[in-house]
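Visitor: Order-wise, the sequence lines are chains A and B. Under full-length UniProt numbering, residues 1 to 432 are what the first sequence spells out, in order. Under full-length UniProt numbering, residues 1 to 432 are what the second sequence spells out, in order.
2 protein chains.
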Amino acid sequence: MAQQIEQEQQDTELVAFAAACKKASRVVAGLDGAAKDRLLRDMADRLVASEVDILAANGIDMDNARENGLSSAMIDRLALSTERIAGMADALREVAALPDPVGEVTRMWRRPNGIEVGRVRIPLGVICMIYESRPNVTVDAAGLCLKAGNGVILRGGKEAFHTNHALAAVLRAVLNEHGVPGEAVSLVPTTDRAAMNTLLTLESLIDLVIPRGGEGLIRYVAKTSQIPVIKHYKGVCHLYVHADAEIDMALNLLIDGKASRPGVCNALETLLVHRDIAPRFLERAGALLREKGVTVRGCAETRDLLPWAEPADEADYDAEFLDLILAVRVVDDYDAAVAHIHRFGSDHTEVICTRDYRVSRAFVRDVNASVVMVNASSRFSDGGQLGLGAEIGISTTRLHAYGPMGLVSLTTQKFVVFGDGQTRHRAAIESK
Amino acid sequence: MAQQIEQEQQDTELVAFAAACKKASRVVAGLDGAAKDRLLRDMADRLVASEVDILAANGIDMDNARENGLSSAMIDRLALSTERIAGMADALREVAALPDPVGEVTRMWRRPNGIEVGRVRIPLGVICMIYESRPNVTVDAAGLCLKAGNGVILRGGKEAFHTNHALAAVLRAVLNEHGVPGEAVSLVPTTDRAAMNTLLTLESLIDLVIPRGGEGLIRYVAKTSQIPVIKHYKGVCHLYVHADAEIDMALNLLIDGKASRPGVCNALETLLVHRDIAPRFLERAGALLREKGVTVRGCAETRDLLPWAEPADEADYDAEFLDLILAVRVVDDYDAAVAHIHRFGSDHTEVICTRDYRVSRAFVRDVNASVVMVNASSRFSDGGQLGLGAEIGISTTRLHAYGPMGLVSLTTQKFVVFGDGQTRHRAAIESK
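Structure follows, in structure tokens:
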């Protein structure tokens, strides 16, 4: 009973918390581009100037992490330093330098009755970011959301709670000095799951939820939320080497895609090779992959050509290894390659290597992943690399955003209509 | 126990049902524009040719409706006739005549490393329409979804079950004759709520849910669904008459907005009048409204000017009357009008009537409803009137679509990248 009362008390507080962010978001939406850029640059300067406080807070989180026996990889993600704080500040300055997406008229047309109809970009409203241990997400997400005219609710991991609190305090102080309510950047005051669950029901106050982290967290948020969620479960990216591919080019795409940074979602996980080129290509590919320390898990035909490869099963073709492991399959033809991608692809990034004009066109038409490439490395599947500026995340579901998401994905478009008194039916009063 | 087994059996069948639509949707996605248009025109012809069967099925639904004592308004929505079938066929022909949204390259740019990056419109995949008694939605939604390259799952009301079944059978027969699996248009075989609940969990098979009907149905779907939902709860549309408005124009916008068709979502529900123009404007407006049989519920100042008006309370300013009732409020200034709209608006359509350039710009900037109008009737807030062609629905939430939704809202955009072998890191093999 006492627990229930406590929960209800917390729910009431969370509604007020989200409502304050919604109210503040209207002020952010009304700022012009120059004001937003001044705000972000002042935030960058203030982060650097507040280094001592931020590192002190980070020290508490680091001590707790060591005490709780967190892995060294997790501790590394959590750790801040002078350089990492400078990096966060630079990221804010880069966002300030991007063009303002708000107010852009993307189209305008005139109707036969003389009204003019336009589409204008506006902020989404309030965006809730749910993430795990990296504290830089606190600053990056706040910068991108503010630049696109939104309020942001930040719900980081409990490991980084003191660090996130210190970072958010700096950002809020600068907001207040600029006459913007600090609630425009709101850090959820508790990291317990019940609070997150409550937030995920507030569909009239929060417009979008973006979870970033492991597949488990993302699936949990997607299942729980009554607010739209933009998500990305995993990247099972394929390189298909067609019969006529230029072998050197295909080798470069393979090694760049698999071995340059295997732990990221745009790394290659599966290689598909046309039967006709398999003997020539796999011999050289095998040698290079071995040299890079890549474990190969192949179909029977792959293993005939690369006897050292391990056997692949269905689960390997479905896996996002995020490691120096590559699944390989020899396919009969183009259709078999596309059928494999349709079956196992994750709608992230799919690449073909070919010299054939017709086949390149077919691949771009037949494959509807969020990023489809001809003769380019899957590692370009990234907001910065594609020219979107900084990236807030990536979407492998098709609503609203599909693929890497830049500032524009944090906006929507309204209709504007300019008339001279037009009505749909005969006027009630004849004009003089 | 037996019930549980039955439910599990039904769930398995529904998964197979949705998976068949997903598979068929790939075939639709691969059709070129001319093939889709032939398909829709043949469907139109076949509907007309199948009139006897369709009317027979409709007769069963009508008999049941009368037996179950449905209201005459509901029976009228349900009833088909030669004319109504011809109307459905014409709607399909109109959709066929619209430009194909699929394949449009909306932007393309070159990166410093020479890769070219483009954005191309593609179908969303499978769209699930959930609607109530009007059987024409079956045909309209199927036509729009197919034209945009999607599969569609139709879940109509139980009152129209036999009619919908007959309509879908006609559409599926034509699909099969065109070499497209009939499952591209899939009518849910049962109208029980448990089946709908199961469908709303199938996020890997269904890409979007569009509920159309009363607010209760829409809220239920939004709350239950794990699939993205595009929705529109209600339209509380305002006309704000600024101090300097041309009175004849404002009267025309008011009467067209309130009285031309009060039962639709883009009708006006609240009139806001600047204090300075209130005496002159409300005197004439009151006379016209009375003449049209409109009940006025006003604030104290409105009632000073129109003593016959009823008093308005908070609930009246929040109401979508869908009837010949109008809430009226006299406001102190522009800011008070915008504050009222921010508080009570439903993000549908907001109209200002003014002659002031500065005020018109302020209103378009300050109000972020899905449709914002200057000197034009709210009744233009409709896909056809705005020039989008046929309308699949309207969205008052900001994700993916905002405002009236045409064919383009049934698509998304993928990235395409064309390269010459570019890699992100130094090439593994130097080209010869």
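The C-beta atom is built at its ideal place from N, Cα and C for all residues, glycine as well. From a predicted model like this one, the values you see are computed outputs, not experimental measurements.
When burial is assigned at 16 or more other CB atoms within 10 Å of the CB, is A/Glu291 buried or exposed?
Guide: It counts as exposed.
Visitor: Figure out for me which residue from A/Leu271, A/Leu39, A/Trp109, A/Met62 has the closest Cα to the Cα of A/Ala97.
Guide: Answer by Cα proximity: A/Leu39.
Visitor: Is any beta-carbon of chain A found at less than 8 Å from that of B/Val374?
Guide: Output row for B/Val374: interface = yes.
Visitor: To the nearest angstrom, how far is the alpha carbon of A/Leu154 from that of A/Val137?
Guide: Taking the straight line joining both Cα atoms gives about 9 Å.
Visitor: By a C-beta neighbour count over all protein chains shown, 10 Å radius and 16 as the cutoff for buried, is A/Tyr357 buried or exposed?
Guide: Counting Cβ neighbours within 10 Å, A/Tyr357 comes out exposed, since fewer than 16 surround it.
Visitor: Pick out the complete beta strand (DSSP E) segments inside the stretch 332-414 of chain A, 3 residues or longer, and give them in chain order.
Guide: Those beta strand (DSSP E) runs which fall completely within the stretch 332-414 of chain A and span 3+ residues are 349-353, 371-376, 393-395, 403-405.
Visitor: Scan the stretch 285-305 of chain A for residues whose Cβ lies nearer than 7 Å to a Cβ of chain B and list them as they occur along the chain.
Guide: The residues in question are Leu288.
Visitor: So, does the CB of B/Gln385 fall closer than 8 Å to a CB anywhere in chain A?
Guide: Output row for B/Gln385: interface = yes.
Visitor: What residue from A/Ile122, A/Gln3, A/Gly114 has the CA that sits closest to A/Leu407's CA?
Guide: When each option's Cα is compared against that of A/Leu407, the closest is A/Ile122.
Visitor: With a threshold of 8 Å between beta carbons, is residue 441 of chain A in contact with chain B?
Guide: In the structure as shown, chain A starts at 1 and stops at 432, and residue 441 of chain A therefore has no counterpart that could be examined.
Visitor: With 9 Å as the C-beta to C-beta threshold (strictly closer), list the residues of the stretch 17-30 of chain B near chain A in chain order.
Guide: Under the 9 Å Cβ criterion, the stretch 17-30 of chain B contributes Arg26, Ala29, Gly30.
Visitor: Name the one or two DSSP bridge partners that B/Ile130 has.
Guide: According to DSSP, B/Ile130 bridges with B/Arg155, B/Pro211.
Visitor: Output the distance between the C-alpha atoms of B/Val126 and A/Val367, rounded to the nearest integer angstrom.
Guide: If you take the alpha carbons of B/Val126 and A/Val367, they lie about 16 Å apart.
Visitor: In three-state DSSP terms, what is B/Arg38?
Guide: Helix, per DSSP.
Visitor: Can you look up A/Arg119 in the DSSP assignment and give me helix, strand or coil?
Guide: If DSSP states are grouped into helix, strand and coil, A/Arg119 belongs with the strands.
Visitor: Alpha carbon to alpha carbon, how far is B/Ile277 from B/Leu324? Give it in angstroms, no decimals.
Guide: Looking at the two C-alpha atoms, the distance is approximately 24 Å.
Visitor: Identify, in the order they occur along the chain, each residue of the same chain with its Cβ nearer than 6 Å to the Cβ of B/Ser378, setting aside the five sequence neighbours on each side.
Guide: Once the five neighbours on either side are set aside, the close Cβ partners of B/Ser378 are Cys237, Gly257, Asn266, Leu268, Thr349, Val351.
Visitor: A/Val331 to A/Ala337, Cα distance in whole Å?
Guide: Taking the straight line from one Cα to the other gives about 6 Å.
Visitor: Okay, do the stretch 96-113 of chain A and the stretch 16-25 of chain A touch, 3+ Cβ pairs below 8 Å being the bar?
Guide: No: fewer than three Cβ pairs fall under 8 Å.
Visitor: For A/Gly286, report the span of its alpha helix (DSSP H) as first-last.
Guide: Per DSSP, A/Gly286 belongs to the alpha helix (DSSP H) from 278-291.
Visitor: Please classify A/Thr82: is it buried, with 16 or more other beta-carbons within 10 angstroms of its beta-carbon, or exposed?
Guide: So A/Thr82 ends up on the exposed side.
Visitor: Among residues of its own chain, excluding the 5 on either side of A/Gly87, which ones have a beta-carbon nearer than 8 Å to its beta-carbon?
Guide: Here the set comprises Asn136.
Visitor: Would you call the stretch 22-33 of chain A and the stretch 142-149 of chain A in contact, with 3 or more CB pairs under 8 Å?
Guide: The answer is yes - the stretch 142-149 of chain A touches the stretch 22-33 of chain A, with three or more Cβ pairs under 8 Å.
Visitor: Are the C-beta atoms of B/Met74 and some chain A residue less than 8 Å apart?
Guide: Not closer than 8 Å to any Cβ of chain A, the Cβ of B/Met74 fails to qualify, so no.
Visitor: Per the contact definition of three or more C-beta pairs closer than 8 Å, is the stretch 214-224 of chain A in contact with the stretch 238-256 of chain A?
Guide: With a cut-off of 8 Å, the stretch 214-224 of chain A and the stretch 238-256 of chain A do not count as touching, because too few Cβ pairs lie within range.
Visitor: Bridge partners for B/Glu310 per DSSP, in chain order?
Guide: Note: B/Glu310 sits in a beta bridge opposite B/Arg297.
Visitor: Along chain B, in chain order, which residues have C-beta atoms closer than 8 Å to that of A/Asp256?
Guide: What A/Asp256 touches in chain B: Thr423, Arg424, His425, Ala427, Ala428.
Visitor: If distances are taken between C-alpha atoms only, which option among B/Leu251, B/Ile255, B/Ala195 comes closest to B/Gln10?
Guide: Ranking B/Leu251, B/Ile255, B/Ala195 by Cα distance to B/Gln10 puts B/Ala195 first.
Visitor: If contact means a Cβ-Cβ distance below 7 Å, which residues of the stretch 48-79 of chain A contact chain B?
Guide: Those would be none; no residue qualifies.
Visitor: Out of B/Lys158, B/Val416, B/Arg84, which has the shortest C-alpha to C-alpha gap to B/Thr190?
Guide: That would be B/Lys158, whose Cα lies nearest to the Cα of B/Thr190.
Visitor: Just verifying my parser: in three-state terms, what is the DSSP assignment at B/Gly87?
Guide: B/Gly87 falls in the helix class under three-state DSSP.
Visitor: Just the Cα atoms here: how many angstroms apart are B/Leu199 and A/Ile227?
Guide: Whole-angstrom Cα-Cα distance: 19 Å.
Visitor: Which residues in chain B have a C-beta closer than 9 Å to the C-beta of A/Gly216? List them in chain order.
Guide: In chain order: nothing, as chain B lies at least about 16 Å away.
Visitor: Can you tell me whether B/Glu430 is helix, strand or coil according to DSSP?
Guide: If DSSP states are grouped into helix, strand and coil, B/Glu430 belongs with coil.
Visitor: So which residues on chain B does A/Tyr402 lean against when the C-beta distance must stay under 7 Å?
Guide: Going along chain B in sequence order, the residues near A/Tyr402 (Cβ under 7 Å) are Thr412, Gln413, Lys414.
Visitor: Can you tell me where the alpha helix (DSSP H) holding B/His238 begins and where it ends?
Guide: That residue, B/His238, is in no alpha helix (DSSP H); its beta strand (DSSP E) goes 237-241.
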